[in-house]
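For reference, the structure is listed below as structure tokens.
Here is the structure:
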């Protein structure tokens with residue numbers, strides 16, 4: 225039996241439509257427009273593409289595009305000053321500093337200037353601390369997008385055995401926290417895990433964010449399990465993930481494709497975070 | 225075969241002796257004395273006992289006891305003002321606000337005023353974020369004490385299967401992070417975990433911080449595994465832990481007793497954190 229293919233494009237489109245509707249309601253109720261300040265330093269072509277996609281989505285959702293572009297040779301304290309002024313600007317609901325920043329700049333110190341209430345990427349130390357303590361806050365986009373996919377396909381998390389492959393700050397660690405918060409029993413695997421396939425075969429829900437192409441084959445998947453593939457690798461045959469899709473689809477119950485699985489969720493969750501930040505700033509409840 | 229009993233008192237005494245020696249060296253080298261400001265609001269008898277033990281240990285290690293006692297009816301902003309003045313005082317290396325604070329005070333907001341460099345309890349959102357991101361910072365005392373015990377008994381963590389029972393902010397979550405950082409494959413269990421005993425039987429290293437007496441029996445322990453019991457329950461028969469000691473000692477390879485296992489480590493690690501904070505403040509490298 226072949227797995228149900230999780231349609232990330234469709235779920236992302238639904239989230240984005242919901243955000244657009246909620247933004248319209250928010251504007252009607254408050255007279256305020258949520259605004260996203262993307263900040264790009266320099267002219268890295270890949271970063272320019274990513275930022276372009278985020279800005280376009282922001283406008284399509286009815287939010288203000290408050291993009292800031294600085295030359296590659298901008299000094300650390302000038303970037304910091306810009307971030308501080310965005311932090312203080314009530315028109316700015318969310319701030320996203322596109323990484324990596326050019327050589328010579330300390331990206332981590334710059335990200336640290338973004339206040340938790342405007343941290344729509346959910347990646348500052350303060351936001352990570354709030355997540356880890358289970359306190360309200362803006363959650364990182366890819367991990368919360370994964371939870372959104374699981375919910376959209378009605379995957380049971382309560383009491384489920386979840387295995388996360390990869391322990392990155394960006395995906396592995398935060399998604400493990402979110403799964404624990406949803407009452408899954410969570411195992412975190414990584415490059416030093418012994419007999420990875422055997423550990424993964426215990427999973428009802430398997431999230432793979434290892435950054436290694438096709439590291440998960442059919443032997444690592446319990447029949448009927450839900451498999452979320454966060455990997456993204458350019459190959460001669462096109463984009464591929466961390467999961468051997470053709471093999472695993474014959475075993476898994478539900479499976480994300482690459483592309484079209486987790487990928488589209490990241491921008492959708494960024495838009496939702498920007499709306500949540502705008503609501504919280506307007507006193508409409510806590511963002512979480 | 226009966227398990228090796230892990231002697232927490234002996235390991236804690238060794239850590240405290242090491243700290244005392246290092247404090248003497250630090251004082252000789254810098255002319256500065258590390259100081260711990262314990263803060264007690266009100267007269268809860270149990271809190272008074274805990275604070276008393278910490279102050280005594282602090283003096284024995286050659287550090288300054290900068291204890292502050294406020295009446296139970298102190299207003300939130302007065303406690304906050306005291307914490308701010310301690311944060312600004314160069315004689316204060318570490319600040320510990322004893323919890324719980326009296327009704328009417330917001331303990332979480334008060335703890336949040338302690339800067340990460342003086343957070344010797346390692347429990348503020350900022351410190352939790354640093355731990356979660358794997359960045360240098362002061363780590364919470366009980367979890368780092370558990371790692372100290374495992375190292376003292378030469379328990380292999382690299383590639384080991386570790387199971388943590390309990391997902392509290394104080395112990396379960398941070399100890400899981402520390403074990404992941406040490407390259408263990410870590411599973412986090414909790415009250416909603418299905419077939420807890422079966423999951424625990426997969427552990428080479430089992431850390432039990434469930435807060436339920438004798439929740440772990442011999443059927444939940446792999447022969448030869450190392451078992452760390454963080455529980456502490458007063459019973460008619462004396463202090464007991466989360467582990468059924470008499471049954472598990474026949475199966476485990478190494479096992480902490482209650483009392484005399486994890487308990488003594490907490491103050492020892494608090495003293496070490498205070499020294500690390502003093503060193504970092506004096507520019508002697510990063511605390512971690």
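Chains as they are written, first to last, in our numbering: chain A, 225 to 512; chain B, 225 to 512.
Built from N, CA and C at the ideal position, the CB exists for glycine as well.
These numbers come from a predicted model, not from an experiment.
In chain order, what residues of the same chain have a beta carbon less than 8 Å from the beta carbon of residue 372 of chain B, not counting five sequence neighbours either side? 235, 239, 489, 492, 493
Quick check on DSSP: helix, strand or coil for residue 246 of chain A? helix
Counting only beta-carbon atoms, is residue 350 of chain B nearer than 8 Å to chain A? yes
Name, going along the chain, the residues of the stretch 404–419 of chain A whose beta-carbon falls closer than 9 Å to a beta-carbon of chain B. 404, 405, 407, 408, 409, 410, 411, 412, 413, 414, 415, 416, 417, 418
Consult DSSP for residue 320 of chain A and reduce its assignment to one of helix, strand or coil. strand
Listing by chain order, which chain C residues have their CB less than 7 Å from the CB of residue 331 of chain A? Of the protein chains in the structure, A and B, none is chain C.
Am I right that residue 290 of chain B and residue 260 of chain B are in contact with their C-beta atoms under 8 Å? What's the rounded C-beta distance? 6 Å
Any Cβ of chain A within less than 8 Å of the Cβ of residue 234 of chain B? no
Under 8 Å (Cβ pairs) to chain A, residues found in the stretch 351–367 of chain B: 351, 352, 353, 354, 355, 356, 357, 358, 359
Measuring only the C-alpha atoms, how far is residue 301 of chain A from residue 341 of chain B? 23 Å
Run the CB neighbour count on residue 380 of chain B, radius 10 Å, all protein chains shown included, and call it buried at 16 or more, exposed below. exposed
How many Å lie between residue 231 of chain A and residue 484 of chain A at the Cα? 7 Å
The beta strand (DSSP E) spanning residue 294 of chain B covers which residue range? 292–294
Contact check, residue 370 of chain A vs residue 316 of chain A, beta carbons under 8 Å: no
8 Å contact criterion, which residue 405 of chain B and residue 440 of chain B should meet: CB distance rounded: Contact flag wrong, Cβ pair sits at about 24 Å.
Hey, is the stretch 249–257 of chain B in contact with the stretch 349–356 of chain A, meaning 3+ C-beta pairs nearer than 8 Å? no
Nearest neighbour of residue 410 of chain B, chosen from B:419, B:426, B:416, B:418 [CA to CA]: B:426
Let me see if you follow: with CB-CB separation under 8 Å, is residue 423 of chain A close to chain B or not? yes
Residue 511 of chain B classed as buried or exposed, judged by whether at least 16 other C-beta atoms fall within 10 angstroms: For residue 511 of chain B, the predicted model reports a pLDDT of 48, less than 50, meaning its position is unreliable; a value from the coordinates is still stated below. So residue 511 of chain B ends up on the buried side.
At a Cβ threshold of 8 Å, is residue 504 of chain B touching chain A? no
Would you verify that the beta carbon of residue 477 of chain B is, or is not, closer than 8 Å to some beta carbon of chain A? no
Can you pull the chain A neighbours of residue 393 of chain B, defined as C-beta to C-beta under 8 Å? 356, 357, 358
Applying the criterion that 16 or more other CB atoms from any shown protein chain within 10 Å of the CB defines a buried residue, is residue 258 of chain A buried or exposed? buried
Just list the residues that DSSP pairs residue 453 of chain A with in beta bridges. A:432
Straight-line gap, residue 326 of chain B to residue 433 of chain A (C-alpha atoms, nearest Å): 45 Å
With 16 other CB atoms within 10 Å as the buried threshold, where does residue 364 of chain A fall? buried
Straight-line Cα distance separating residue 401 of chain A from residue 391 of chain B: 10 Å
Looking only at its own chain, which residues have a Cβ that is under 7 Å from the Cβ of residue 322 of chain A, when we skip the five neighbours before and after it? 262, 263, 264, 271, 274, 275
Hey, how far is the Cα of residue 418 of chain B from the Cα of residue 408 of chain A? 9 Å
Please compile the residues from chain A whose C-beta is within a distance smaller than 9 Å of the C-beta of residue 397 of chain B. 356, 357, 358, 401, 404
Exposed or buried, which one is residue 503 of chain A when buried takes at least 16 other CB atoms within 10 Å? buried
Tell me whether the beta-carbon of residue 435 of chain A lies closer than 8 Å to the beta-carbon of residue 412 of chain A. no
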